[in-house]
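Engineer: Handing you a structure now.
This is how it looks when you write it as structure tokens:
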């Protein structure tokens, strides 16, 4: 077909780099650290079943269209959920979206024109990079370290930019980031919001994982920093979702933002899908009213922490010279930087042969990168599979890197392991 | 807020003209012909409840993410549904969308750049006009008459256009159109597809109402014409939805199109919402498997036909000199052209005072129009309300048009009424 029939962005588009891994998943006995999905045995099936039964046991009105902004009762529940996290938004400051993915899509539509400049933390969530690529904007990466995106590096970037290419927005997952697993530290949270106010850009604070914490540490939302510093001129747009804490199939996400943004996103949503499913919105509302949410999240936190611990113990024991990582304090992901001598396509092939899968780090950068890294999710496999998966990763790495293997062996002796 | 922070399309966007009528709906005792919603008492609540119970009675996997293209089992069911209508697409030629509204949004993203030319039948569905306005394309209207869009007028338009402004696509609801209620006749269906092939544009055949027929007439889908004429080069993209036949809250729409289009729309959908709710997709799948669909559609057809008949009998009896219309053969809408002397804002105000609401015809045009018309839906009010609503419309028209009233009175005498 003549590709000129398609829009500029879609003449030869490429799909998600993670979806390209799907064919490998059918290999018998494969252990996958590549997924980004929450673990289904942690979904509160009994609670969701009860919520659905309540909803479908009533009037036919539950099957009708609903308001574009979302059902009022759900907006109330989500506002309460946000308030417990420190996001002081009221129900009328929230827009319910078809997953938080849609919230970002609405922001792209309402905020960005082709050629605009957008800042993203790197490594970044691939669907965000893809949405920005298709929107034909210029993406500037802000590097991260163990404490999240480097605000001093961001400041230098902003100072160097000419006014004409000043960024419209910055995208970040400040708490238990995907893929890096890191938390943006408190001092940088304040700095980041100050920079947004000084340079006049919006911050998209994507927070799907914030409640999946393995510690009692509290991480003040950027949204709250923004309210304290700027009130109704808050530059922070807060996104979250029930996908990682209740169930992805509800497709229930939300956005908290100021009126000007929210009104435009609601107009964009009318043409995007009219409204998110009122049926799943009602099931979500009922579920949140059952009083089972906190226990379900608590169970997920314990399970993910245990799995993370087994994974990091295994990596420390078996692969400490082949890779390095920051131990996650929450969320679903571990990001590992590999030894610079690691031969990357060989490693991937060796892992497939051994029966273990990860996502190559290149998937999380907008342009080719020399950085050698991988993302591993500890959310879905059971403990035995995680241990065995790390064993397989070790065997694969040993097979492709005899040099590192011996240097590791020497170092281990030196370290008395 | 500084509107320059928003994208070009969203600096000062206007919302749906139909949503602007919402405040009037709270008036006590109001009879609304303005809605576009199906009638909730026609939803098969028992069937949907059973389908939901089956889905939530099983494994937790029903709460997980699903494939972007839609659940395979649902695509099979929807393909069968299409085949019964003459849309010979297989499951792999279908993309499940969050309502057919999303299908159109994905097509806008994948096919259109700002400045492109798009053809729409006029009067047209307002959400389509809004999506095109926000996409910054040039909209060219194709007038309709009692037999749907006028293909000879379209041919003249196409001949007059310079190559550079040749249209990329044409949007039409060929069967029981919203708002006109008309059916595109057989000869014009063939002509339209021929024109698409000759001039190289896509046709979006939006078919949410096709099964809501009041007669046994069959209307061959444009998609089928396209397959017969061009095979894999079929220029027709078929959209449909379960919103008018099962329930809007499922937000289950679909698109049948060739591989090149489908693949791009799936990529666009990844960034739009990752996937439509797998939970409602599974409920839809179960529901379609219960064998209750045909009876539910049959009941809706009978009910809507009865309501349409009461409305058109009333209009013929009371308002035959103030307005004219084509009697709908299906769907949910009646379009009436008003007497040229009808004072429009006065009429709307008088109707609000009398307690009856319609949608002003201007909502269905992309630019101001001198045409005086209204859209009335007979789908939701009961029979007594329809009769009373027509009475109120008559009183409102009499109040604002004493001249037409007397000419009507004279004409009635002449006609022996």
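Residue numbers (my numbering), protein chains in the order written: chain A, 143 to 559; chain B, 143 to 559. Think of the CB as a built atom: it goes at the ideal place given N, C-alpha and C, for glycine as much as any other residue. Remember, it's a predicted structure, so these values are computed and weren't measured experimentally.
(1) Closer than 8 angstroms by C-beta to residue 207 of chain B: which residues in its own chain qualify, once you throw out the five before and the five after it? Chain order, please.
(2) Strictly by DSSP, which residues pair up with residue 325 of chain B?
(3) To which residues of the same chain is residue 508 of chain A closer than 6 angstroms at the C-beta, ignoring the five residues directly before and after it?
(4) Taking only beta-carbon positions, decide if residue 390 of chain B is within less than 8 angstroms of chain A.
(5) Using a Cβ-Cβ cutoff of 7 angstroms, what residues of the region 349 to 376 of chain B are near chain A? List them in chain order.
(6) Can you have a look at residue 285 of chain A and say buried or exposed, based on whether 16 or more other CB atoms are within 10 angstroms of its CB?
(7) Which residues of chain B have a Cβ atom closer than 9 angstroms to the Cβ of residue 305 of chain A, listed in chain order?
(8) If you draw a straight line from the C-alpha of residue 313 of chain A to the C-alpha of residue 477 of chain A, how long is it?
(9) So, using beta-carbon positions, are residue 519 of chain A and residue 178 of chain A closer together than 8 angstroms?
(10) Answer yes or no: does any C-beta atom of chain A fall closer than 8 angstroms to that of residue 157 of chain B?
(11) Just checking: is the beta-carbon of residue 189 of chain B within a distance shorter than 8 angstroms of some beta-carbon in chain A?
(12) Quick one: using the 10 Å Cβ neighbour count with 16 as the cut-off for buried, is residue 283 of chain B buried or exposed?
(13) Identify the continuous alpha helix (DSSP H) that holds residue 129 of chain A and give its terminal residues.
(14) Which residues, taken in chain order from the region 239 to 257 of chain B, show a beta carbon closer than 9 angstroms to some beta carbon of chain A?
(15) Residue 198 of chain A: which of B:203, B:199, B:201, B:192 sits nearest, CA to CA?
(16) Using only alpha-carbon positions, find the residue among B:157, B:161, B:144, B:354 that is nearest to residue 405 of chain A.
(17) What's the gap between the Cα of residue 266 of chain B and the Cα of residue 375 of chain A?
(18) So residue 272 of chain B contacts chain A; which residues on that side make the cut at Cβ distance below 9 angstroms?
(19) For the region 416 to 432 of chain B, which residues have a CB atom closer than 9 angstroms to at least one CB atom of chain A, in sequence order?
(20) DSSP three-state call for residue 150 of chain B: helix, strand or coil?
(21) Check the Cβ of residue 96 of chain A against every Cβ in chain B and list those closer than 7 angstroms, keeping chain order.
(22) Who are residue 516 of chain A's beta bridge partners in DSSP?
(23) Who are residue 280 of chain B's beta bridge partners in DSSP?
(24) Against chain A, does residue 435 of chain B count as a neighbour if the rule is that its beta carbon must be under 8 angstroms from one of theirs?
(25) For residue 558 of chain A, count neighbouring C-beta atoms within 10 Å of its own C-beta (all shown protein chains included) and say buried if the count is 16 or more, exposed if not.
(26) Please report the distance separating the alpha-carbon of residue 387 of chain A from that of residue 442 of chain A.
(27) What are the start and end residues of the beta strand (DSSP E) that includes residue 381 of chain B?
(28) So, are the CB atoms of residue 492 of chain B and residue 459 of chain B less than 8 angstroms apart?
(29) Between the C-alpha atoms of residue 466 of chain B and residue 480 of chain B, what's the straight-line distance to the nearest angstrom?
(30) Can you tell me whether residue 523 of chain A is helix, strand or coil according to DSSP?
(31) What does the Cβ neighbour count give for residue 153 of chain A, buried or exposed, with the cut at 16 atoms within 10 Å?
(32) What first and last residue would you give for the alpha helix (DSSP H) that runs through residue 187 of chain A?
(33) Go to residue 346 of chain B, then tell me how far its beta strand (DSSP E) extends in each direction, as first and last residue.
(34) Would you kindly check if the distance between the Cβ of residue 190 of chain A and the Cβ of residue 429 of chain A is under 8 angstroms?
(35) For residue 265 of chain A, name the three-state secondary structure that DSSP assigns.
(36) To the nearest angstrom, report how far apart residue 184 of chain A and residue 471 of chain A are at their CA atoms.
Structural biologist: Judging by the given coordinates:
(1) Locating residue 207 of chain B in the second chain gives position 65, where the first residue counts as 1. 416, 417, 420, listed in sequence order.
(2) Mapped onto the second chain, residue 325 of chain B falls at position 183. Its beta-bridge partners are B:317.
(3) Residue 508 of chain A sits at position 366 when you count from the first residue of the first chain. 271, 281.
(4) Locating residue 390 of chain B in the second chain gives position 248, counting from the first residue. Output row for residue 390 of chain B: interface = yes.
(5) Using a CB distance below 7 angstroms, no part of the region 349 to 376 of chain B faces chain A.
(6) As a position in the first chain, residue 285 of chain A is number 143, starting the count at 1. Residue 285 of chain A should be labelled exposed.
(7) The residue given as residue 305 of chain A occupies position 163 in the first chain. Residues of chain B passing the Cβ test: none, with the nearest at roughly 13 angstroms.
(8) Numbered from its first residue, the first chain carries residue 313 of chain A at position 171. Numbered from its first residue, the first chain carries residue 477 of chain A at position 335. Those two C-alpha atoms are separated by around 19 angstroms.
(9) Your numbering for residue 519 of chain A matches position 377 in the first chain. Your numbering for residue 178 of chain A matches position 36 in the first chain. Yes, the Cβ-Cβ distance between residue 519 of chain A and residue 178 of chain A is below 8 angstroms.
(10) Along the second chain, read from residue 1 onward, the residue named residue 157 of chain B stands at position 15. For residue 157 of chain B, the answer is yes, since a Cβ of chain A falls inside 8 angstroms of its Cβ.
(11) Residue numbering aside, residue 189 of chain B sits at position 47 when the second chain is read from its first letter. Closer than 8 angstroms: no.
(12) Looking up residue 283 of chain B in the second chain gives position 141. Its Cβ being crowded by 16 or more others within 10 Å, residue 283 of chain B is buried.
(13) Residue 129 of chain A cannot be examined here, being either before or after the span of chain A that is shown, 143 to 559.
(14) 239, 240, 241, 243, 244, 246, 247, 250, 251, 252, 253, 254, 255, 256
(15) In the first chain, the residue the question calls residue 198 of chain A occupies position 56. The shortest C-alpha separation from residue 198 of chain A is found at B:192.
(16) Against the first chain, residue 405 of chain A aligns to sequence position 263. Each of B:157, B:161, B:144, B:354 was checked against the Cα of residue 405 of chain A, and the nearest Cα belongs to B:157.
(17) Your numbering for residue 266 of chain B matches position 124 in the second chain. Your numbering for residue 375 of chain A matches position 233 in the first chain. Each residue's alpha carbon lies about 39 angstroms from the other.
(18) To locate residue 272 of chain B, count along the second chain from 1; it is residue 130. In chain order: 409, 412, 413.
(19) Answer in chain order: 416, 417, 418, 419, 420, 421, 422, 423, 424, 425.
(20) Start at 1 with the first residue of the second chain, and residue 150 of chain B comes out as number 8. Of the three classes helix, strand and coil, the one that applies to residue 150 of chain B here is helix, per DSSP.
(21) Residue 96 of chain A is absent from the structure shown; chain A starts at 143 and stops at 559.
(22) Against the first chain, residue 516 of chain A aligns to sequence position 374. According to DSSP, which records beta bridges pairwise, residue 516 of chain A is partnered with A:478, A:502.
(23) Here residue 280 of chain B is taken as the residue at index 138 of the second chain, counted from 1. BP columns for residue 280 of chain B point to B:259.
(24) Indexing the second chain from 1 puts residue 435 of chain B at position 293. Residue 435 of chain B does not count as touching chain A.
(25) Here the question's residue 558 of chain A lines up with position 416 in the first chain. Confidence is the limiting factor: at residue 558 of chain A the pLDDT is only 36, short of 50, which leaves the residue's position unreliable and the question unanswerable from this model.
(26) In the first chain, residue 387 of chain A corresponds to position 245, counting from 1. In the first chain, residue 442 of chain A corresponds to position 300, counting from 1. So the alpha carbons of these two residues sit roughly 8 angstroms apart.
(27) Mapped onto the second chain, residue 381 of chain B falls at position 239. That run of the beta strand (DSSP E) goes 378 to 383.
(28) Here the question's residue 492 of chain B lines up with position 350 in the second chain. Here the question's residue 459 of chain B lines up with position 317 in the second chain. No. Outside cutoff.
(29) Position 324 of the second chain, counted from the first residue, corresponds to residue 466 of chain B. Position 338 of the second chain, counted from the first residue, corresponds to residue 480 of chain B. Taken atom to atom, the span from the alpha-carbon of residue 466 of chain B to that of residue 480 of chain B is near 7 angstroms.
(30) What you label residue 523 of chain A is simply residue 381 of the first chain in a count that begins at 1. DSSP places residue 523 of chain A in coil when its eight states are reduced to three.
(31) Within the first chain, residue 153 of chain A is the residue found at index 11, counting from 1. Per the 10 Å Cβ criterion, exposed.
(32) Here residue 187 of chain A refers to the residue found at position 45 when the first chain is read from its first residue. For residue 187 of chain A, the enclosing alpha helix (DSSP H) covers residues 187 to 198.
(33) For the purposes of this step, residue 346 of chain B is taken as residue 204 along the second chain, with counting starting at 1. Element bounds for residue 346 of chain B: 344 to 348.
(34) Within the first chain, numbered from 1, the residue matching residue 429 of chain A stands at position 287. Within the first chain, numbered from 1, the residue matching residue 190 of chain A stands at position 48. Taking 8 angstroms as the Cβ cut-off, residue 429 of chain A and residue 190 of chain A qualify as a contacting pair.
(35) The count along the first chain starts at 1 and reaches residue 265 of chain A at position 123. Here residue 265 of chain A sits in coil by DSSP.
(36) Within the first chain, residue 184 of chain A is the residue found at index 42, counting from 1. Within the first chain, residue 471 of chain A is the residue found at index 329, counting from 1. Rounded to whole angstroms, residue 184 of chain A to residue 471 of chain A spans 19 angstroms at the Cα level.
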